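Residue numbers (our numbering): 238 to 351. Below: the structure, in structure tokens.
Written out as structure tokens, the structure reads:
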């Protein structure tokens, strides 16, 4: 892959964007992908569909705390209705596959890195 272009934003703007994406996972609609030992920054969404059930989407990037992001994911589930309940679990499975030493705990919403 190669870089097509770069967004020319102030550092403070980047910080605000990252904080918003992190809060989606920490306390918002993306909590289902929250994991111990892996930072996930995400956005959930719903796309209206005039011909049936709405489409669901979820985008994120994930990393270990001391690393740069290594994985970016975009999931679209046609007729999935809500990104948090249909698309986010798919992204979570991909992240778990990337970091294969992660397993679900009893809560089913958090993960534990061993």
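Just so it is clear, CB atoms sit at the ideal spot from N, CA and C, and this is done for glycine as well. Because the structure is a prediction, the values reported are computed rather than measured.
Own chain residues within Cβ distance below 6 Å of residue i, not counting five before or after
i, result
"residue 299", "275, 277, 308 and 332"
Residue i versus residue j - alpha carbon distance
i, j, result
"residue 266", "residue 239", "32 Å"
"residue 301", "residue 335", "11 Å"
"residue 263", "residue 271", "7 Å"
"residue 200", "residue 306", "Residue 200 is absent from the structure shown; the chain starts at 238 and stops at 351."
"residue 248", "residue 254", "10 Å"
"residue 337", "residue 294", "24 Å"
Proximity of residue i and residue j at Cβ, strictly below 8 Å
i, j, result
"residue 314", "residue 292", "yes"
"residue 290", "residue 252", "no"
CB-CB length for residue i against residue j, believed under 8 Å
i, j, result
"residue 296", "residue 311", "5 Å"
"residue 261", "residue 279", "5 Å"
Residue nearest to residue i in terms of C-alpha spacing, selected from the options
i, options, result
"residue 282", "246, 258 and 303", "258"
"residue 287", "273, 316 and 306", "316"
Chain-order list of residues whose beta-carbon lies under 7 Å from that of residue i (same chain, five-residue window excluded)
i, result
"residue 326", "269"
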